[in-house]
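From first to last, the protein sequence lines are chains A and B.
My numbering runs 1 ahead of the 1-based position in the first sequence.
My numbering runs 306 ahead of the 1-based position in the second sequence.
Glycine included, every Cβ here is placed at the ideal spot set by N, Cα and C.
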Amino acid sequence: MTGPFLPPLLAVEGLTTIFPTRAGPARVVDDVSFHVNEGECLGVVGESGSGKSITFLSILGLVRPPGRVSAKRMIFAGKDLLALGEGERRAIRGRDIAITMQDALTALNPALTVATQITEVMLAHGRARSQEEARAAAIEMMRLVGIPAAANRLDDYPHQFSGGMRQRIMIATALACRPRLLIADEPTTALDVTIQAQVLELIAELRRELRMSVVLITHDLGVVVEQADRIMVMYAGQIVEEGACRAVIEDAAHPYTAGLLASMPSLDTLDRPIHPIRGQAPLPGPMPAQCRFFDRCEQASEACRIEVPLRPFTDGRTARCIRLKEGSHG
Amino acid sequence: MAELLPLLAVRALTKHFTKRKSPVEWLMRVPPVSLKAVVDVSFEVARGETLGLIGESGCGKSTLGRTVLNLHRADGGSVSFDGTEISAMPEAAFRPYRRRMQIIFQDPYASLNPRRSVAEIVGLPVRIHEGASARQAEERAAEFLPRVGLSTEHLRRYPHQFSGGQRQRIGIARALILNPDFVVCDEPVSALDVSIQAQILELLTEFRQQRGLTYLFISHDLAVVGRIADRIAVMYLGQIVEIGPKQAILDQPAHPYTRALLAVAPRLKRRPGSERVALKGDLPSPLNPPNGCRFHTRCPVAKPICATLAPGITDLGAGHHVACHLHGGAGS
């Protein structure tokens, strides 16, 4: 834990990303505010379409038109990201904030050797002065992420590696500049379970060694439980619950979080009958002015037909549900 | 026991694929390489039972499921369904069995013809196997859709108009409309969001209870299999390394690979770090599997014998079998 007076590494306020759809503008990220502390691992949980990936692509400036990104405040390491030009933004992206994508095979360039891909980012950001220096650093990085015979494999192409190894190479490219914040977008989803465990272990180790902050974006609560200090649950573009990981898992406040937990197959709860959330998440588009989980919530009532704000209710936890009043929970 | 015959009995089933040679390899007369996807696999599934089949990608679990259904021709061994040997049957003679043995595929995006309406997709098995007219088939489809949580208003729509979970419901309707006895569920929930996964698992469980369906449920996720299966078989590089009642596999796993899978399975309670031992290394290439026990290259407790001699099968009692030298398996 960091001291209470240390400013967070990343602080975002009122982030909104809008895409036009046939039905009208869709707020795929809707007034999202959060922070990531130094050295912390924040788990971002949600199902497909919840806006969890777009939130971080928006922060990095990777949302292309017709998508529109706006925010009240976006501070990274004391710098106001909103005030930066594209050039300055680019200097931060890849160097101070790095992202790994879910599908390593698509994210890596199949026509370039891994050496080119790892060294490119170091040379572009001035973290290496020469090809030789960059290559040496790339070998070091590949060793760090656990690729056997790293020096011999530097000139191989992505397709020559297995799925788990490709994910490691992508992590190596992301870590090449020793970023202060690593955004890992579904780093294990495409991988087999035994390989998943290896990659998660690797991220945890690197976090300790390099003192990075990590944002772990995933649909898998099981992954988050093991790794995250805090979690943030997203639904239909909004944060619906946020708090310390243990507290949220043990005693979910929002019915959606509780439903996700009840849906998740886990070896601890085999005796409990399956209790799925009914229906499906709303498609992106204009939303009615009511709780977005309304149609699927078993506890919904007429009182829920208002825009529900995200409110704090107990020590450091917030949730977006009218049934919660300050100090009412836990 | 009332159950005289198992519904499905698989004996020493083997399936090889031959890697196609490149023109260069052909010119240089490189000998053909054969991938042994399923090697000498035996198991039974009782009527009304769900056997969970678990393993990582490339272990041969989907090939096994398809070979059992005669979608791949077996290269050795036998599959007997309801007392009849079906693996060597010509396609025409197999037809009546095909309607009793169905499959639900993993990818609801790839397994539905995008140019056919739901009425056509779900009605097609009725047309093929019962010789129904297009109109009769559509009526049957209309009757059946509500049972998978869809409605008749969906009949005229096309697959792209549905979400992943709804598409999987269409796939389930297509597999179950003929009221089969046996269904291979090949990773039916892996492509779906967590909340939708639970809905589909619940639906499959309901059908099993109502119709006494027998499932071979293939998954890479031990927690999903633990939910739905009565017994579990664990597959590694083309072979079943452990099989037994669910509780025995989950509570007293005998094979080091099963233990490793359990150690990395998702849980909500955080375990002490020491318990989470990740397996080292990747799955070896099935084109060139290790000698001896196929798991020995990744096994944390391998002994010298494991590298040279393939373990035989040890009976641990109560239907629990394991192929591992740790349990005194005699060589085979």
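Within the DSSP secondary-structure output, LEU357 of chain B pairs in a beta bridge with B:LEU522, B:ARG537.
Pairing PRO188 of chain A with THR101 of chain A gives a Cβ-Cβ distance under 7 Å. Ranked by how close their Cα comes to the Cα of THR117 of chain A, the residues A:ASP316, A:ALA290, A:ALA135, A:ILE19 have A:ALA135 in first place. The three-state reading of DSSP puts LYS552 of chain B in helix, counting H, G and I together. Within chain B, the C-beta atoms nearer than 7 Å to that of SER163 of chain A come from ASP588, in chain order. Within the same chain, and ignoring the five residues on either side of ARG65 of chain A in sequence, no residue has its Cβ closer than 7 Å to its Cβ.
Secondary structure note for PHE513 of chain B: its alpha helix (DSSP H) is the uninterrupted segment 500–517. When CB distances to chain A are screened at a threshold of 8 Å, the residues of the region 522–535 of chain B falling below it are HIS526, ASP527, LEU528, ALA529, VAL530, GLY532, ARG533, in chain order. Residues of the region 440–465 of chain B that bring their beta carbon within less than 9 Å of a beta carbon in chain A are absent altogether.
In this structure, ILE410 of chain B and PRO494 of chain B form a Cβ contact; the two beta carbons are roughly 5 Å apart against a cut-off of 8 Å. Beta-bridge partners assigned by DSSP to PRO26 of chain A: A:PRO21. Taking the beta carbon of GLU48 of chain A as reference, the chain B residues within 9 Å of it are ASP499, VAL500, SER501, ILE502, listed in sequence order. Among the residues of the region 181–198 of chain A, those with a Cβ less than 8 Å away from any Cβ of chain B are ASP193, VAL194, THR195, ILE196, GLN197, ALA198, in the order of the chain. Just so you know, the alpha carbons of GLU242 of chain A and LEU217 of chain A end up roughly 16 Å apart.
Sixteen is the threshold: when 16 or more other Cβ atoms of the shown chains lie within 10 Å of the Cβ of SER525 of chain B, as they do, the residue is buried. A distance below 7 Å separates the beta carbons of ILE119 of chain A and ALA177 of chain A.
The beta carbon of GLN132 of chain A sits closer than 8 Å to those of THR120, LEU124, all from its chain and outside the five residues before and after it, given in chain order. For GLU39 of chain A, no beta strand (DSSP E) encloses it, and the DSSP letter there is neither H nor E. A Cβ-Cβ distance of about 23 Å is found for the pair CYS491 of chain B and HIS561 of chain B, leaving them out of contact under the 8 Å criterion.
Of B:GLN505, B:ALA566, B:GLU331, the smallest CA-CA separation from GLN472 of chain B is found for B:GLN505. The alpha carbon of ASP156 of chain A has as its nearest neighbour, out of A:ILE170, A:GLY164, A:VAL146, the alpha carbon of A:ILE170.
Residue range 312–315 is occupied by the beta strand (DSSP E) that includes PHE314 of chain A.
Scanning B:GLY544, B:LEU543, B:ASP536, B:TYR563 for the CA closest to the CA of GLY550 of chain B turns up B:ASP536.
Annotation: GLN558 of chain B to THR564 of chain B spans about 10 Å, alpha carbon to alpha carbon.
The three-state secondary structure of ILE140 of chain A, taken from DSSP, is helix. With distances taken between CA atoms, ASP32 of chain A lies nearest to A:THR56 out of A:THR56, A:GLU48, A:GLY40, A:GLU39. Between GLU350 of chain B and the set B:VAL500, B:PHE601, B:ALA539, the nearest pair of CA atoms involves B:ALA539. Distance from the CA of LEU109 of chain A to the CA of SER214 of chain A, rounded to the nearest whole angstrom, comes to 23 Å. Counting along the chain, VAL234 of chain A sits inside the beta strand (DSSP E) bounded by residues 231–236.
Interface residue (Cβ-Cβ distance to chain B less than 7 Å): ILE232 of chain A is not classified as such.
Beta-bridge analysis with DSSP links CYS491 of chain B to B:ILE410, B:PHE523. Per the coordinates, the alpha-carbon of LEU182 of chain A lies some 14 Å from the alpha-carbon of LEU82 of chain A. Residue nearest to LEU622 of chain B within the set B:ALA571, B:ALA554, B:GLY598 is B:ALA554 (criterion: CA-CA distance).
DSSP places ILE323 of chain A outside both helix and strand once states are collapsed to three, so it counts as coil. In the structure shown, VAL225 of chain A falls within a helical segment according to DSSP collapsed to helix, strand and coil. Three or more pairs of CB atoms, one per stretch, sit closer than 8 Å, so the region 362–380 of chain B contacts the region 516–524 of chain B.
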